[in-house]
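Asks:
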Amino acid sequence: MNRDGIREMLVGVRAGEIELDEALERLASLPFADVPGARVDTHRALRTGLPEVIYAPGKTVAQIEEIVGALRAAEQSVLATRVESEVADQVLASLGFGEYDAAGRLLWFGPAEVPNTGKGSIAVVCAGTSDLPVAAEAVGVASRFGNKVELLVDVGVAGLHRLLASSQVLRSARVLIVVAGMEGALPSVVGGLVDKPVIAVPTSVGYGAAFGGVAALLGMLTSCASNVTTVNIDNGFGAAYVATLINRL
197 MNRDGIREML
207 VGVRAGEIEL
217 DEALERLASL
227 PFADVPGARV
237 DTHRALRTGL
247 PEVIYAPGKT
257 VAQIEEIVGA
267 LRAAEQSVLA
277 TRVESEVADQ
287 VLASLGFGEY
297 DAAGRLLWFG
307 PAEVPNTGKG
317 SIAVVCAGTS
327 DLPVAAEAVG
337 VASRFGNKVE
347 LLVDVGVAGL
357 HRLLASSQVL
367 RSARVLIVVA
377 GMEGALPSVV
387 GGLVDKPVIA
397 VPTSVGYGAA
407 FGGVAALLGM
417 LTSCASNVTT
427 VNIDNGFGAA
437 YVATLINRL
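Shown next, in the form of C-alpha cells:
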C-alpha cells in the first residue's frame, strides 16, 4: 500500500466504515512478502512515495509473475523495466492483464491513466534517434510515476538549430532529462539555456572511442554547466525516478 492508501484506510477505520480486523489484515502484507526467489518490499511505497520496481533481466518469467502478484496483492501498481518482448508476451498471457511499452521495454500493471502528481512538466530531450530506446524508458517511467512528460527527439548538437526551435519546451519544464551518446555534449548546452535541474543520461551509442558510453559519461560528469548532474550509462529509469522526486518538491 502507498501513503494515500494507508491514509484512506485509517480515515475509514476512524469513521467506522472499515472494521479494525479488516485494516489489520490489509497491513499484514507489510513490510515485505516472501515469494520464491525474492523478498518483495511492499513497504517501499510508504517509505519513499514510489513502489518497488522490477528489474527484469536475469529473472525468469515465473519470478516476474510472482513479484507482480505480491505487489498487486499489496494493492500497488507494478512497473517492470528492461523487459524483452518475448518475456512480456509470456507474462501478459499468463497473468491475463497488464500493458507493454515496446519502445521503453516496460511492463505496467496499474491504471491506464495515472493521475498527475507532479508540480510541473518533465522534458526528456533526446540527442539522436539511436538514443531513443533510453529516452523512451525515461518517458515511460516518468509517465507511470504520475508526471506530465514532453519528449524532444533528434535535437543533438550536430544541428543546434533543432534544439533552439523548441526553447519554449525547455524553458517551461520543471526538470529536464537529457539523453545523449557519442561525446555527450548536449546536457551542457541545455544546462546553459535553462534555470532548472538537468539530469544527464549517457548512452552506449557511438563508435569505438566512445567506449560503450564511457566517453559520454565522462563528458557529462565534467560538464561546465553547474545545473547538470549525471546518472549511469543507459539509465533512463534512474533519471526518471530522480526527476519524479524533484517534480514533487
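Numbering (the working numbering), first residue to last: 197 to 445. All residues carry an ideal CB built from backbone N, CA and C; glycine is no exception.
Beta-carbon within less than 7 Å of Gly201's beta-carbon, same chain only, minus the 5 sequence neighbours each way: which residues are those?
Replies: Answer for Gly201: Glu271, listed in chain order.
Asks: Would you tell me roughly how many angstroms separate the C-alpha atoms of Glu213 and Val375, rounded to the nearest one?
Replies: If you take the alpha carbons of Glu213 and Val375, they lie about 49 Å apart.
Asks: Going by C-alpha to C-alpha distance, which of Glu221, Ala319, Ser281 and Asn343 sits closest to Val394?
Replies: Nearest option by C-alpha distance: Ala319.
Asks: Please list the terminal residues of the continuous alpha helix (DSSP H) segment that includes Thr440.
Replies: Note, Thr440: alpha helix (DSSP H), Gly432 to Arg444.
Asks: If you draw a straight line from the alpha carbon of Ala331 to that of Gly306, how long is it in whole angstroms?
Replies: Ala331 and Gly306: Cα-Cα distance of roughly 22 Å.
Asks: Could you tell me the alpha carbon to alpha carbon distance between Asp391 and Asn423, rounded to whole angstroms?
Replies: Computed Cα separation, rounded: 8 Å.
Asks: Which partner residues does Thr426 have in the DSSP bridge list?
Replies: DSSP output for Thr426 lists Ala396 as bridge partner(s).
Asks: Considering only residues of the same chain and omitting the five flanking positions on each side of Glu295, which have a CB-CB separation below 7 Å?
Replies: Result list for Glu295: Trp304, in chain order.
Asks: Give me, in chain order, the residues of the same chain whose beta-carbon lies closer than 7 Å to that of Leu216; leave out the 5 immediate sequence neighbours on both sides.
Replies: For Leu216, where only same-chain residues beyond five positions count, the Cβ hits under 7 Å are Val209.
Asks: Taking just the CA atoms, how far does Glu280 sit from Arg370?
Replies: For Arg370 and Glu280, the distance between alpha carbons rounds to 32 Å.
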